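**Student:** Residue numbers (the working numbering): 109 to 383.
The structure's right below; bear with me while I get my questions together.
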């Protein structure tokens with residue numbers, strides 16, 4: 109900047125003294141130096157910006173890998189938690205079914221067998237015949253009552269069995285409905301969790317795109333300033349300087365230093381906060 113001002117003053121002085129040819133030569137030499145400096149700066153800027161974009165892409169790819177890994181780990185954790193809860197419910201249903209079955213069978217086992225009135229009448233008649241000495245007839249009636257008693261017990265046991273099976277079937281249907289509802293809830297919870305992870309991934313990608321756009325605009329302004337001296341002399345704000353070197357900053361945050369290993373799942377949280 110000082111050389112440029114000094115050169116202009118020298119050219120102006122030569123022209124004021126009437127040395128126009130020398131002034132022209134000095135001005136042309138000045139323009140050549142300016143062009144050479146601009147080209148040098150342009151090449152230097154190109155290299156710097158390529159380095160920044162390479163660093164940005166490396167940081168983004170590293171963060172994407174970590175994000176995918178974290179998402180996969182979180183999905184596995186959620187699935188394990190949900191299916192563990194579902195397994196606990198299934199075990200609880202099995203225990204409930206076993207307890208219910210034992211209770212129903214115990215209730216039916218204590219239920220007494222009600223014999224028909226004809227059985228009691230036949231048994232009383234057999235006793236009267238035996239008392240009267242009519243033993244043959246009493247024996248026939250006793251055999252009949254034994255048959256009726258056995259038949260009554262068999263019918264009662266069959267009835268109990270059917271009652272128990274009917275109650276157990278109804279209970280099993282109830283538990284199956286509850287298990288199905290629980291499994292449906294597990295699937296819905298998985299879908300919601302996957303949707304949440306997808307939304308988080310899209311948000312991270314949107315932030316990366318936002319940062320890339322900011323850096324692209326800042327790099328464009330840098331290149332444009334080479335052709336607009338007034339812009340170049342004004343410098344740029346601290347925010348603009350940060351955006352220009354965004355790639356290096358992000359790569360340093362992703363890689364950490366020699367003594368610090370960054371957490372996989374915490375890298376992209378604070379890394380992409382909007383300014």
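Virtual Cβ for every residue (Gly too), placed ideally from N, Cα, C.
This structure is a prediction, so every number in the text was calculated from the model and none was measured.
(1) Is it the case that the region 179-193 contacts the region 293-304, given that we only count it when at least three CB pairs across the two stretches are under 8 Å?
(2) Mind checking which residues open and close the alpha helix (DSSP H) that includes residue 217?
(3) Check for me: the alpha helix (DSSP H) holding residue 346 runs from which residue to which?
(4) Taking the continuous alpha helix (DSSP H) assigned at residue 279, which residues delimit it?
(5) Would you check if the region 320-328 and the region 158-172 touch, i.e. whether three or more CB-CB distances between them fall below 8 Å?
(6) Going by other Cβ atoms of all chains shown within 10 Å of its Cβ, with 16 needed for buried, is residue 351 buried or exposed?
(7) Given that a residue counts as buried once 16 or more other Cβ atoms are within 10 Å of its Cβ, and exposed if not, what is residue 253?
(8) Do residue 194 and residue 290 have their beta-carbon atoms positioned less than 8 Å apart in this structure?
(9) Return the CA-CA distance between residue 125 and residue 133, expressed in angstroms with no decimal places.
(10) According to DSSP, simplified to helix, strand and coil, what is residue 118?
(11) Suppose contacts are defined by Cβ-Cβ distances below 8 Å. Is residue 362 in contact with residue 170 by that definition?
(12) Residue 123 by DSSP, collapsed to three states: which one?
(13) Once the 5 residues before and after residue 201 are set aside, which same chain residues still bring their CB inside 8 Å of it?
(14) For residue 268, which residues of its own chain have a beta-carbon under 6 Å away from its beta-carbon, when the five flanking residues on both sides are left out?
(15) Can residue 119 and residue 131 be called in contact, C-beta distance under 8 Å?
(16) So is residue 174 buried or exposed if we call it buried at 16+ other beta carbons inside 10 Å?
(17) Can you tell which of 271, 167, 165 has its C-alpha closest to the C-alpha of residue 214?
(18) With distances taken from CA atoms, which of 168, 138, 150 is nearest residue 317?
(19) My output table needs one value for residue 336: the three-state DSSP class, helix, strand or coil.
(20) Rounded to whole angstroms, what is the Cα-Cα separation between residue 280 and residue 210?
(21) Going by alpha carbons, who is nearest to residue 274 out of 208, 308, 260?
(22) Quick one: residues in its chain with C-beta nearer than 8 Å to the C-beta of residue 342, no 5 flanking neighbours on either side, listed in chain order?
(23) When the Cα atoms are used, what is the spatial distance from residue 204 to residue 277?
**Tutor:** If we stick to the structure as given:
(1) yes
(2) 128-217
(3) 346-352
(4) 243-333
(5) yes
(6) buried
(7) buried
(8) yes
(9) 15 Å
(10) helix
(11) yes
(12) helix
(13) 283, 286, 287
(14) 216
(15) yes
(16) buried
(17) 271
(18) 168
(19) coil
(20) 14 Å
(21) 208
(22) Note that residue 342 scores 49 on pLDDT, short of 50, meaning its location in the model is unreliable; the coordinates nonetheless yield the value given after this. Taken in chain order, the list of residues that qualify is empty.
(23) 14 Å
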